[in-house]
Amino acid sequence: MSNLGLLYANDAGALDKALSAAKRAVDTVPGEPHFQYNLAVVLARMERFDEARTIARKLQSSGDPDIVSLAGNFWRKSMKRNSTPLTRR
Numbered sequence: 207m208s209n210l211g212l213l214y215a216n217d218a219g220a221l222d223k224a225l226s227a228a229k230r231a232v233d234t235v236p237g238e239p240h241f242q243y244n245l246a247v248v249l250a251r252m253e254r255f256d257e258a259r260t261i262a263r264k265l266q267s268s269g270d271p272d273i274v275s276l277a278g279n280f281w282r283k284s285m286k287r288n289s290t291p292l293t294r295r
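Going by our numbering, the first residue of the sequence shown is number 207, and it counts up by one from there.
Right, here's the structure in full:
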């Protein structure tokens, strides 16, 4: 389900499907950080940056080194793409 969300996210016309698939994955396995990361990616592609950042911030403290790295990279890329600075609130 989560990878399906990312697949849809590559098509700008299918972003609603991407969001639905990513949310289903998170709802099915709420503690799975990879699914949460994929949801953040979909949200960012929809230009819903505040929601994506909130998820990325939470993932940076997940304790899973792979997820911390992914979330950190996501955070940095988001800063470059969006003129609104990413700050901790």
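Every residue, glycine too, gets a C-beta built ideally from N, C-alpha and C.
Between the region 238 to 247 and the region 255 to 273, do at least 3 Cβ pairs fall closer than 8 Å? yes
Comparing C-alpha positions only, which one of L265, M252 and E257 sits nearest to D222? M252
Using C-beta distances below 6 Å, list every residue in its chain close to A277, excluding the 5 sequence neighbours before and after it, in chain order. A262, L265 and Q266
Separation of A224 from T260, as counted between CA atoms: 19 Å
Taking the alpha helix (DSSP H) that D233 falls in, what are its first and last residues? In the DSSP assignment, D233 falls within the alpha helix (DSSP H) that extends over L221 to T234.
In angstroms with no decimal places, state the Cα-to-Cα distance between G219 and S284. 21 Å
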